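**Q** Going down the list, the protein sequences come from chains A and B.
For the first sequence, the working numbering begins at 56 and goes up steadily by one.
For the second sequence, the working numbering begins at 2 and goes up steadily by one.
Glycine included, every Cβ here is placed at the ideal spot set by N, Cα and C.
As the structure is a computational prediction, the values presented were derived from the model and not from experiment.
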Amino acid sequence: DTGVSQNPRHKITKRGQNVTFRCDPISEHNRLYWYRQTLGQGPEFLTYFQNEAQLEKSRLLSDRFSAERPKGSFSTLEIQRTEQGDSAMYLCASSLGGQGISFSETQYFGPGTRLLVL
Amino acid sequence: DQQVKQNSPSLSVQEGRISILNCDYTNSMFDYFLWYKKYPAEGPTFLISISSIKDKNEDGRFTVFLNKSAKHLSLHIVPSQPGDSAVYFCAARGEYGNKLVFGAGTILRVKS
Chain A
56 DTGVSQNPRH
66 KITKRGQNVT
76 FRCDPISEHN
86 RLYWYRQTLG
96 QGPEFLTYFQ
106 NEAQLEKSRL
116 LSDRFSAERP
126 KGSFSTLEIQ
136 RTEQGDSAMY
146 LCASSLGGQG
156 ISFSETQYFG
166 PGTRLLVL
Chain B
2 DQQVKQNSPS
12 LSVQEGRISI
22 LNCDYTNSMF
32 DYFLWYKKYP
42 AEGPTFLISI
52 SSIKDKNEDG
62 RFTVFLNKSA
72 KHLSLHIVPS
82 QPGDSAVYFC
92 AARGEYGNKL
102 VFGAGTILRV
112 KS
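1. If I measure Cβ to Cβ from L67/B and keep anything under 6 Å in the same chain, skipping five residues before and after, which residues do I get?
2. Under 8 Å Cβ to Cβ from K66/A, same chain only, skipping five residues before and after it: list those, please.
3. Helix or strand or just coil, what does DSSP make of G71/A?
4. Leaving out the 5 sequence neighbours to the left and right, which residues in its chain are closer than 7 Å to P10/B when beta-carbon positions are compared?
5. Could you work out which residue in K126/A, L151/A, Q135/A is closest to R70/A when comparing CA atoms only?
6. Inspect the beta-carbon positions of L146/A and F120/A and report whether they are closer than 8 Å.
7. Evaluate I140/B with the Cβ neighbour count: other Cβ atoms within 10 Å of its Cβ, from every protein chain shown; 16 or more gives buried, anything less gives exposed.
8. In whole angstroms, what separates the C-alpha of V88/B from that of I49/B?
9. Only counting the same chain, and skipping five residues up and downstream in sequence, which positions put a Cβ closer than 8 Å to that of R91/A?
10. Can you tell which of A93/B, I19/B, S70/B has its C-alpha closest to the C-alpha of F125/B?
11. Which residue from Q162/A, P166/A, V59/A puts its Cα closest to that of F47/B?
12. Excluding the 5 residues flanking H84/A on each side, which residues of the same chain have their C-beta closer than 7 Å to its C-beta?
13. Give me the DSSP bridge partner(s) of E111/A.
14. Would you verify that the beta carbon of L67/B is, or is not, closer than 8 Å to some beta carbon of chain A?
15. Should Y37/B and P45/B be called a contact, given that it needs their Cβ atoms to be closer than 8 Å?
16. Please name the residues in the stretch 12 to 44 of chain B whose beta-carbon is closer than 8 Å to at least one beta-carbon of chain A, in chain order.
17. For E107/A and L94/A, what's the separation of their Cα atoms in angstroms?
18. Quick one: Cα of L173/A to Cα of T68/A, how far?
19. Would you say K72/B and S20/B are within 8 Å of each other, going by their C-beta atoms?
20. In this structure, does DSSP put Q61/A in helix, strand or coil?
21. Using 10 angstroms around the beta-carbon of T137/A, count the other beta-carbons present and answer buried if the total reaches 16, otherwise exposed.
22. So the candidates are V14/B, R110/B, K69/B; which of them puts its Cα closest to the Cα of S53/B?
23. With DSSP run on the structure shown, which of helix, strand or coil describes D1/B?
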């Protein structure tokens, strides 16, 4: 399977705990995105990497959230001191982009990690 | 502010008929639009896209139409099949960024 993979698929944690999610993009893709989706809404952008550089962060990404892509391949998203409002589906997507704006760039999504904070 | 709106939360269509899903946007800087399909407990699956320089793109049973002056796009599925039953998301990309802005989705039910 050469699609985007995410682990774990499900995570239940207690309020105040830290959690970390992993995303493995499609192997030749240089761009990687994180989105969050809550019930009844579409995915909302959190952050994006081009290779190992984090190029954009949403205002949704509070100081408790940190994302890394250390070698330009897989990425991790960590949430510290989780709150019940963090309960959501966390989606990762990857794409093949060029320099500047790649006009026909398509993002391919993984299956997501569903987080429940009790 | 919701820059991408899908005003119909759900749509029910008979198998074999046409399904038309609509999407409106407010930001004239959006230059690329995509439709994704999502089954429960799975991530969104890319369906079809269209750039702002075109007004139509077709791929098999799926056709996307873009009306830039009205800031409106639609997805046509002909003929609809029960396996098309899913949530459909419209997404748009801004000219100066790579992030996608999504609508809230439309639940499509195709009845056999």
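**A** Put simply:
1. I51, D56, L74
2. V74, F76, T168, R169, L170, L171
3. coil
4. T107, I108
5. Q135/A
6. no
7. Limits of chain B in this structure are 2 at one end and 113 at the other, which puts residue 140/B out of reach.
8. 15 Å
9. P98, E99, L101, L115, A143, M144, Y145, L146
10. Since the first residue shown for chain B is 2 and the last is 113, residue 125/B is missing from the structure and cannot be characterised.
11. Q162/A
12. S149, S150, L151
13. Y103/A
14. no
15. yes
16. D32, Y33, L35, Y37, A42, E43, G44
17. 31 Å
18. 6 Å
19. no
20. strand
21. buried
22. K69/B
23. The requested residue 1/B is not part of the displayed model; chain B covers only 2 to 113.
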